[in-house]
Amino acid sequence: MKLRFGRILAVVTLLGLILAACSGGSGDTTTTVGSGSSTTTTNIGGEVSDLGLPVVDPLDVVGGVDIGIAGSSTVFPLSTAVLTQWIDEGGPEYTIDSIGSGGGLERFCVEGASDIANASRAIKDEEVAACEAIGRTPIEVRVGSDALSLVISLGNYFAQDLTLEEIATAFSLTSADATWADVNSAYPAHPIQLFSPGADSGTFDYFNEIVFDEAQPSPILNSIAEIVGEDDNLTVVGVSEDGCTEGDLASTCAIGYFGYAYFQENVDVLQAVAVDGVVPSAATVDDNSYPISRPLFMYTAASVIDEKPQVAEFIAYYLNNVNEVIGEVGYFPAPQSALQDAANNIKAAAGWE
Amino acid sequence: MTTDRILDLDREGSSLRKRPRPGELLIRGFLFVCGAISIATTVGILYELGKESLLFFQDDAVTFLDYLTDTVWQPQAGSFGIWPLVLGTVLISIIAMVVAVPVGLLAAIYLSEYASPRVRGFLKPVLEVLVGIPTVVYGFFALTFMTPLLRGILGTSVVGFFNVASAGIVVGILIVPLISSLSADALQAVPDSLRQAAYALGASKLEVSTRIVVPAALSGIAAGLVVAMSRAVGETMVVTLAAGASPRNFDLGQDSLFGYVLNPFESAQAMTGYIVITASGDLSYNTIDYNSIFAIGLTLFFMTLGLNSLSRRLVKRFQEVYE
Amino acid sequence: MTVEAPERASRGNFPEEEEYRGLLNRRTRNARLFQAASLMALTFAVLALTTLLYTIINDSFGLVAVVNENQPEDIVAGLGYDPAETSLADLSYDELVGLLQGAVSSGVGRRLEREQRFYEDRLVFETDAVWIEICSSDEPPPGCTAGLRDGANVFSLVQERVVVPDVIAAYELVPSLLSPEEFDAEVAAGFESGRFGEYTPDQVNIEWRAWFSMTFLRSPASSIPEVAGIRTAIWGSVWLVVITVGFAVPVGVGAAIYLVEYAKPSRFNELIQTNINNLAGVPSIIYGMLGLAVFVRLLEPITSGAIFTDGVPPAENGRTILSAGITLGLLTLPVVIISAQEALKAVPDSLRSAGMALGATRWQTVRSQVLPVALPGILTGTILAIARAIGETAPLILVGAASFITADPTGPFSKFTALPIQIFQWTSYPQVEFQKLAAAASIALLLLLLTLNAAAVILRNRYSRRAQ
Chain A
0 MKLRFGRILA VVTLLGLILA ACSGGSGDTT TTVGSGSSTT TTNIGGEVSD LGLPVVDPLD
60 VVGGVDIGIA GSSTVFPLST AVLTQWIDEG GPEYTIDSIG SGGGLERFCV EGASDIANAS
120 RAIKDEEVAA CEAIGRTPIE VRVGSDALSL VISLGNYFAQ DLTLEEIATA FSLTSADATW
180 ADVNSAYPAH PIQLFSPGAD SGTFDYFNEI VFDEAQPSPI LNSIAEIVGE DDNLTVVGVS
240 EDGCTEGDLA STCAIGYFGY AYFQENVDVL QAVAVDGVVP SAATVDDNSY PISRPLFMYT
300 AASVIDEKPQ VAEFIAYYLN NVNEVIGEVG YFPAPQSALQ DAANNIKAAA GWE
Chain B
367 MTTDRILDLD REGSSLRKRP RPGELLIRGF LFVCGAISIA TTVGILYELG KESLLFFQDD
427 AVTFLDYLTD TVWQPQAGSF GIWPLVLGTV LISIIAMVVA VPVGLLAAIY LSEYASPRVR
487 GFLKPVLEVL VGIPTVVYGF FALTFMTPLL RGILGTSVVG FFNVASAGIV VGILIVPLIS
547 SLSADALQAV PDSLRQAAYA LGASKLEVST RIVVPAALSG IAAGLVVAMS RAVGETMVVT
607 LAAGASPRNF DLGQDSLFGY VLNPFESAQA MTGYIVITAS GDLSYNTIDY NSIFAIGLTL
667 FFMTLGLNSL SRRLVKRFQE VYE
Chain C
4 MTVEAPERAS RGNFPEEEEY RGLLNRRTRN ARLFQAASLM ALTFAVLALT TLLYTIINDS
64 FGLVAVVNEN QPEDIVAGLG YDPAETSLAD LSYDELVGLL QGAVSSGVGR RLEREQRFYE
124 DRLVFETDAV WIEICSSDEP PPGCTAGLRD GANVFSLVQE RVVVPDVIAA YELVPSLLSP
184 EEFDAEVAAG FESGRFGEYT PDQVNIEWRA WFSMTFLRSP ASSIPEVAGI RTAIWGSVWL
244 VVITVGFAVP VGVGAAIYLV EYAKPSRFNE LIQTNINNLA GVPSIIYGML GLAVFVRLLE
304 PITSGAIFTD GVPPAENGRT ILSAGITLGL LTLPVVIISA QEALKAVPDS LRSAGMALGA
364 TRWQTVRSQV LPVALPGILT GTILAIARAI GETAPLILVG AASFITADPT GPFSKFTALP
424 IQIFQWTSYP QVEFQKLAAA ASIALLLLLL TLNAAAVILR NRYSRRAQ
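Residue numbers (my numbering), protein chains in the order written: chain A, 0 to 352; chain B, 367 to 689; chain C, 4 to 471.
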């Protein structure tokens with residue numbers, strides 16, 4: 000929760016005045032949905048955010064309707080941060096499942112059992128087809144960006160800046176006696192150790208796409224890389240404790256990769272590698288100069304919004320507030336244009352002008 | 367049971383005929399249904415797994431023969447040989463049993479033969495806590511305690527960051543109560559008269575325990591061992607965290623048997639680890655990688671079936687029945 | 004089975020005096036060694052347990068470095084008091100409410116007011132018109148009728164919302180006790196490496212924190228580690244255990260009774276037996292797949308409660324506690340059956356024969372003679388089953404346990420989460436505070452397990468004493 004005394008006081012007063020003015024009913028945007036004999040209405044105040052979306056007050060969202068959100072474990076921390084704030088401000092208590100992008104899109108497009116799907120990759124054509132088959136045309140909502148960071152230990156004194164080719168060479172080494180000199184003859188011949196998530200992980204998929212141009216099978220799987228299961232914290236431990244020391248050519252120097260959040264939390268024991276001279280940061284992710292940054296999405300559908308207008312309200316709240324929490328979670332804001340597109344998509348689907 | 371013949375009274379004396387008791391029939395029916403639920407479970411599992419496995423085997427990239435004989439498991443490369451994953455599971459289970467059987471059995475013997483009832487009543491539930499510790503904690507215990515220990519003793523060049531040995535030892539610790547509790551119960555159930563008779567003949571406690579009580583309790587002990595072994599084969603979280611996620615692909619012609627293929631100090635993904643990671647990962651459904659988990663599940667099922675039948679047969683051979 | 008006669012004994016004769024004594028000594032020595040070995044085995048197991056518990060407890064308490072977003076002294080000074088004389092706790096109720104007003108967003112303030120009012124005569128965040136409207140609606144919020152907040156309540160709110168403590172580094176229990184100065188050094192190093200962002204060393208307070216605390220047990224899940232708790236997860240786990248045991252124990256004991264007492268040896272019953280033994284070894288995730296296909300999808304009308312209500316079903320789909328509970332029940336059923344079988348088989352046949360001889364029916368004999376004697380063994384199986392059910396993660400994920408949920412389960416048709424899932428989630432977060440929370444949640448899990456087991460163990464001890 001951010002705290003700015005004077006500003007919050009001013010906003011509170013302003014909102015209070017607006018609410019007092021609007022409680023009469025004039026200037027409201029009302030969404031009415033008839034379901035059988037009952038009618039659900041949510042009053043959305045006339046105020047509009049920077050993105051052109053209505054400012055949703057979670058307290059006013061009609062409860063009693065449950066919204067299921069499921070999908071990527073990468074988007075999960077971001078969505079829970081926004082949902083925590085939503086619940087804190089009195090919104091209905093929705094739930095989020097972390098079952099992977101594939102699982103989330105399956106539950107959304109094949110089973111039709113969830114209302115929003117989180118994904119750390121774009122939806123595939125087969126999944127779009129499956130969605131349409133059950134009457135859902137997916138709406139893409141870009142919510143943020145993640146920078147895949149390559150990390151080395153603090154004792155590593157030579158690999159702070161690598162080119163994509165060097166990275167590709169490193170992650171395809173197959174000999175157990177491989178050293179950094181095999182990556183680039185200019186580097187000292189420390190034994191090299193690699194860490195990578197497995198082929199089931201979206202992080203792996205994206206890394207493979209950028210570094211190896213989506214090679215199937217990925218050379219990483221045939222290399223000497225230690226394949227880490229679900230938990231990127233293991234890569235943190237493996238890389239930071241490699242014992243790489245200048246002057247001791249027998250010491251192993253390790254390299255691994257994961258989402259930026261893990262680097263941000265461990266900046267005291269790891270260094271981020273600059274890829275082709277570009278370090279991962281908010282600026283380089285925003286202007287796309289960092290080559291390995293990937294988009295984070297949520298998907299919903301117009302038919303879902305028709306049935307449950309709260310979905311649109313939640314996504315509107317999400318887009319309005321996501322940039323407040325995204326830094327803490329460890330990701331980067333999506334480019335403003337992408338956020339605006341997402342906002343426009345939701346406005347169209349919800350029927351707000 | 368011989369008591370059946372005693373009840374067979376309808377030859378004569380119809381006044382002695384037992385009254386028809388519908389309650390008995392009802393109860394018997396209910397109990398039968400309980401037994402049948404287990405059959406229904408198996409049928410359900412086989413059907414569910416079989417249906418999806420069929421999708422897997424129908425794919426052009428996989429042949430059944432390859433699946434059974436290939437020694438490389440790399441879905442991305444189109445290799446679907448089951449042996450690397452089986453190897454991982456078998457290695458971990460063997461190490462686990464090597465740790466758990468002596469510890470569990472000896473602990474059980476101590477609990478039932480040497481310990482006083484109060485100590486037994488206290489220690490048995492304490493050991494059972496071992497089963498209740500979340501397996502995630504065991505996984506991290508293997509990573510943060512066991513692996514550094516092994517690497518410290520044997521050197522970091524011998525023991526890898528992920529290795530089968532620490533996963534196996536930790537799984538062994540996890541299943542000790544399964545062996546000790548069930549065996550202790552079985553040992554305690556052996557009638558005291560047998561022990562007393564042996565003591566009367568001058569046997570020491572060691573002889574009584576190993577030569578009389580254990581054979582008498584063998585059925586119960588074997589049950590405990592089977593449960594433990596099955597748990598070791600089916601354990602998921604510990605092996606996922608500590609044994610790594612790369613299958614030990616090998617080539618029998620090229621790789622050394624003890625240096626690489628059977629090396630316990632390198633990483634090797636187990637069948638259960640692969641299933642969990644793939645099922646909760648980011649792969650799309652109905653891809654061949656995803657459907658492979660059902661085939662592996664089916665294989666696991668038949669593996670444990672084989673193990674169990676074998677052990678049952680062994681137990682029958684060595685079992686001593688009293689009273 | 005006879006005790007083997009000592010070796011080298013001539014037929015019909017005992018060995019000579021020295022030989023005899025030598026053999027006797029050797030046997031005694033072997034017996035002592037064996038006793039020592041079995042005691043060592045027991046000790047090894049207990050040691051392993053202690054080490055595991057140590058790692059869990061070590062992570063659940065310790066020193067933390069806390070940065071307050073607003074230092075209490077600055078807040079007090081901002082109100083015009085001298086920080087040396089007045090502390091935050093000395094402020095009046097009105098002043099505290101005023102601080103809260105300035106700190107929280109209107110949304111949070113209104114939610115707080117709707118839960119419990121601050122004043123009787125005036126509203127702080129809400130407008131009167133809206134308040135009257137919501138209090139006269141069909142479902143008025145609790146604040147309309149509940150009592151007022153008191154000073155302690157508002158003070159803790161001020162702590163949480165105005166001071167906003169942020170844990171930036173955490174230390175383990177034993178090092179905190181033995182060498183706290185090392186933590187200071189670690190924090191200082193953290194500032195040098197830039198790990199703590201814009202915070203400065205003078206903002207940091209080092210204090211003790213119990214990650215496992217009553218607040219932790221009572222709070223719902225949150226993405227903020229300082230306030231996250233496991234209330235929802237505990238309720239979920241309790242519900243799951245109740246349904247699992249309620250399904251697995253009667254069915255399991257019933258099946259065991261059938262197999263041991265009623266079934267005649269035949270190929271079919273052999274098959275059932277092998278089948279049960281096999282099912283005990285099937286990995287839990289396969290049960291998860293089965294549960295997903297059968298209970299979540301196929302039996303959705305039942306497991307979502309739809310057939311019990313005519314209108315809106317209690318749950319939207321089959322991902323409810325009921326599905327998960329029965330899935331776990333099927334998972335633990337084989338173990339319950341096997342241990343119940345062993346317990347029943349261990350009951351001497353003489354008891355059965357005696358019962359039958361007196362004219363009792365099979366069921367009467369079983370119920371009054373066999374079962375009580377077998378009860379301790381059956382309870383062992385129950386204990387192992389409970390332990391397994393409480394700790395399972397993989398099948399619950401498949402059957403639809405939510406990874407993030409803040410609403411407590413209200414019945415068998417509720418969405419849910421469970422302690423192992425929460426623990427697993429938290430361990431994969433990069434922030435170290437979540438690792439601590441995971442350790443604290445493990446303690447909660449173990450305590451839950453111990454409580455449930457204690458009941459079963461007490462019962463077991465009582466019945467085993469009676470049998471002897």
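Beta carbons: idealized from backbone N, C-alpha and C, even for Gly.
Within chain B, partners of residue i - CB distance below 8 Å
i: V49/C; result: L489, V492, L493
i: T430/C; result: V502, F506
i: R30/C; result: S570, L572, E573
For residue i, the three-state DSSP class (helix, strand or coil)
i: A508/B; result: helix
i: Q372/C; result: helix
i: W366/C; result: helix
i: T94/A; result: strand
i: T653/B; result: coil
i: P269/A; result: Looking at the sequence provided, one finds Leu at residue 269/A rather than Pro. Strand.
i: K211/C; result: According to the sequence provided, residue 211/C is Trp. The question's Lys does not apply to it. In the structure shown, W211/C sits in a strand (DSSP, three-state: E or B).
i: G33/A; result: The pLDDT assigned to G33/A is 32, lower than 50, so where the model puts this residue is not dependable; a value taken from the coordinates is nonetheless given after this. Here G33/A sits in strand by DSSP.
i: A146/A; result: strand
i: T413/C; result: coil
i: Y186/A; result: coil
i: R293/A; result: strand
i: S141/A; result: Checking the displayed sequence, the identity of residue 141/A turns out to be Arg instead of Ser. Correct three-state label for R141/A: strand.
i: S445/B; result: strand
i: D85/C; result: coil
i: A459/C; result: helix
i: C252/A; result: strand
Presumed contact (8 Å Cβ cut-off) between residue i and residue j, rounded CB distance
i: F170/A; j: I219/A; result: 5 Å
i: A421/C; j: A442/C; result: Contact flag wrong, Cβ pair sits at about 17 Å.
Amino acids of chain A, ordered along the chain, whose beta-carbon sits closer than 9 Å to that of residue i
i: F423/B; result: Residues of chain A passing the Cβ test: none, with the nearest at roughly 20 Å.
i: S326/C; result: Under the 9 Å cutoff, chain A gives no residues; its nearest Cβ is about 13 Å from S326/C.
Interface residues of chain C facing residue i [CB-CB closer than 7 Å]
i: I353/A; result: Residue 353/A lies beyond the stretch modelled for chain A, which goes from 0 to 352, so this question has no answer here.
i: M603/B; result: T396
Contact list for residue i against chain B, beta-carbon separation under 7 Å
i: S342/C; result: L548
Contact test: residue i Cβ vs the ligand COA heavy atom, cutoff 7 Å
i: E229/C; result: This structure simply doesn't include the ligand COA, nor any ligand for that matter.
Partners in chain F for residue i, counting only beta-carbon separations shorter than 8 Å
i: L509/B; result: Chain labels in this structure do not include chain F; the protein chains are A, B and C.
Listed by chain order, chain C residues near residue i by CB distance under 8 Å
i: F313/A; result: Going along chain C, no residue has its Cβ under 8 Å from F313/A, so there is no contact; the nearest lies around 14 Å.
Chain A residues whose Cβ lies nearer than 8 Å to that of residue i
i: K418/C; result: D65, T94
Proximal residues, the stretch 295-321 of chain C versus chain A, C-beta separation under 7 Å: Taking a C-beta cut-off of 7 Å against chain A, the contacting residues of the stretch 295-321 of chain C are E319, N320, listed in chain order.
Interface residues of the stretch 569-594 of chain B facing chain C [CB-CB below 9 Å]: Listed in sequence order: A569, S570, K571, L572, E573, V574, S575, T576, R577, I578, P581, A582, A583, S585, G586, A589, G590, V592, V593.
Inter-stretch contact at 8 Å, needing at least 3 Cβ pairs: the stretch 624-637 of chain B / the stretch 523-541 of chain B: By the Cβ criterion, the stretch 624-637 of chain B is in contact with the stretch 523-541 of chain B, since at least three pairs of Cβ atoms, one from each stretch, lie closer than 8 Å.
The stretch 245-254 of chain C contacting the stretch 320-333 of chain C, beta-carbon criterion three pairs below 8 Å: By the C-beta criterion, the stretch 245-254 of chain C is judged to be in contact with the stretch 320-333 of chain C, since at least 3 inter-stretch pairs fall below 8 Å.
Contact set between the stretch 611-622 of chain B and chain A, restricted to residues whose Cβ is under 8 Å from the partner: Those residues of the stretch 611-622 of chain B that come within reach of chain A (Cβ to Cβ, closer than 8 Å) are A611, S612.
Residues of the stretch 197-217 of chain A whose Cβ lies closer than 7 Å to any Cβ of chain B, in chain order: Residues of the stretch 197-217 of chain A whose Cβ lies closer than 7 Å to any Cβ of chain B, in chain order: G197, A198, D199, S200, G201, D204, Q215, P216, S217.
Residues, ordered as in the chain, of the stretch 119-148 of chain A that lie near chain C by beta-carbon distance below 9 Å: Result list empty, no residue passes.
The stretch 234-251 of chain A contacting the stretch 144-155 of chain A, beta-carbon criterion three pairs below 8 Å: Of all C-beta pairs linking the stretch 234-251 of chain A to the stretch 144-155 of chain A, three or more are shorter than 8 Å, placing the two stretches in contact.
Meets three-Cβ-pair contact criterion under 8 Å: the stretch 319-328 of chain C and the stretch 406-422 of chain C: Yes, they touch.
Given 8 Å, three or more beta-carbon pairs between the stretch 595-608 of chain B and the stretch 368-375 of chain C: Fewer than three beta-carbon pairs drawn from the stretch 595-608 of chain B and the stretch 368-375 of chain C are found closer than 8 Å, and the two stretches are therefore not classed as touching.
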